[in-house]
Amino acid sequence: MALHRHDEVVLLLGAPGAGKGTQARFLIELLGVPHVASGDLLREHRQRGTDLGKAAQSYMDRGDLVPDDLVVDMIVDRLTRPDAEAGALLDGFPRTIAQAEALERRLQRLGGTIRVAVYVEVPRDVLVERLAGRWMCRSCQATFHELFNPPDRAGTCDTCEGELFQRADDKREVVANRVNVYLRDTLSVIERYESHGVLRRIDGNQSIAAVKAALRQAVGLEPIPA
Ligand code: ADP
Ligand code: ADP
Ligand code: ZN
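For the sequence shown, counting from 1, position 49 maps to 62 in the working numbering; every step adds exactly one.
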């Protein structure tokens, strides 16, 4: 059951390391919509050396949020591309109330809606362990974990055979700041969706397969068992 309505978006919320990117790769297959990850898009801009990429650099290296206006323009631009006409899976956006409001304004203009906002919850110490052992593909941004989700061949992406690397912002010092920033700035976004009645909480501290099953249910791809 794919998304039918124009601009019906699913939001994947959760702190850095919660497993959003890992799960997004399964979910987009099921939903038939593109994966729109603000962090991936920002890293692509940095790789291409665009003005946005240069402006975002220092914030990302410290683990601080990139200013709202830059991120909002980037996401709105991405959602305007033809492949996002039936909707999108948003990963890592919105992270502030200003971003949430900008998304709502855009959806309102186009008659779109938020189908569900899924919050993947993981304890802080587990987040740190996950990020410290994370390896990312230079070509397709797929992620692996040296212990919890190792690639078939060390250093090589299972999906595209690209080279795996460890992100500079996954260093322990930066990770602590990223998690704190998330809990400080994004909990209000989660409360907002809770009050709008579109929030589903999922226990992200389980195996990748168990989280996947919980997510299928949360986005309405599987009936809740009686
Ligand atoms: P993770 O994959 O660990 O959840 P992301 O890849 O989403 O982290 O984000 C990496 C960095 O990109 C963040 O630390 C932040 O600097 C920037 N970033 C990503 N998404 C946003 C956003 N919605 N608003 C502001 N900054 C963002
Ligand atoms: P996010 O996009 O939310 O920052 P990722 O999907 O990149 O998170 O996952 C962070 C790290 O944790 C990666 O190294 C990934 O392989 C690993 N990981 C993801 N889900 C799980 C899980 N359920 N159990 C253990 N490790 C996981
Ligand atoms: Zn790859």
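Just so you know, even glycine gets a beta-carbon here, dropped at the ideal spot from N, CA and C.
Start and end residues, alpha helix (DSSP H) containing residue 223: Residue mapping note: residue 223 aligns to position 210 of the sequence shown, counting from 1. Residues 221-231.
Check residue 20 in the structure and name its three-state DSSP category. Within the sequence shown, numbered from 1, the residue matching residue 20 stands at position 7. It is coil, neither helix nor strand.
Could you tell me how far apart the beta carbons of residue 127 and residue 205 are, in whole angstroms, since I believe they sit closer than 8 Å? Sequence index remark: in the sequence shown, residue 127 carries index 114 (1-based). Sequence index remark: in the sequence shown, residue 205 carries index 192 (1-based). Contact doesn't hold; Cβ gap of about 11 Å is too wide.
Using DSSP with H/G/I as helix, E/B as strand and the rest coil, what is residue 174? As a position in the sequence shown, residue 174 is number 161, starting the count at 1. Looking at residue 174 - three-state DSSP - the assignment turns out to be coil, as it is neither helix nor strand.
Counting Cβ pairs closer than 8 Å, one from the segment 134-154 and one from the segment 213-232, do we hit at least three? Counting Cβ pairs under 8 Å, three or more are found: they touch.
Have a look at the DSSP bridge pairing and note the partners of residue 157. One-based indexing of the sequence shown puts residue 157 at position 144. Its beta-bridge partners are 148.
Leaving out five residues before and five after residue 21 in sequence, what residues of the same chain have Cβ atoms less than 7 Å from its Cβ? Taking the sequence shown and counting its residues from 1, the one referred to as residue 21 is at position 8. Result list for residue 21: 100, 125, 126, 128, in chain order.
Top-ranked residue by Cα proximity to residue 40, from 29, 90, 103: To locate residue 40, count along the sequence shown from 1; it is residue 27. When each option's Cα is compared against that of residue 40, the closest is 103.
Measuring only the C-alpha atoms, how far is residue 231 from residue 44? The count along the sequence shown starts at 1 and reaches residue 231 at position 218. The count along the sequence shown starts at 1 and reaches residue 44 at position 31. The alpha-carbon separation between residue 231 and residue 44 amounts to approximately 12 Å.
Contact between the segment 140-147 and the segment 169-183: three or more CB pairs below 8 Å? Touching, yes, given that three or more Cβ pairs across the two stretches are closer than 8 Å.
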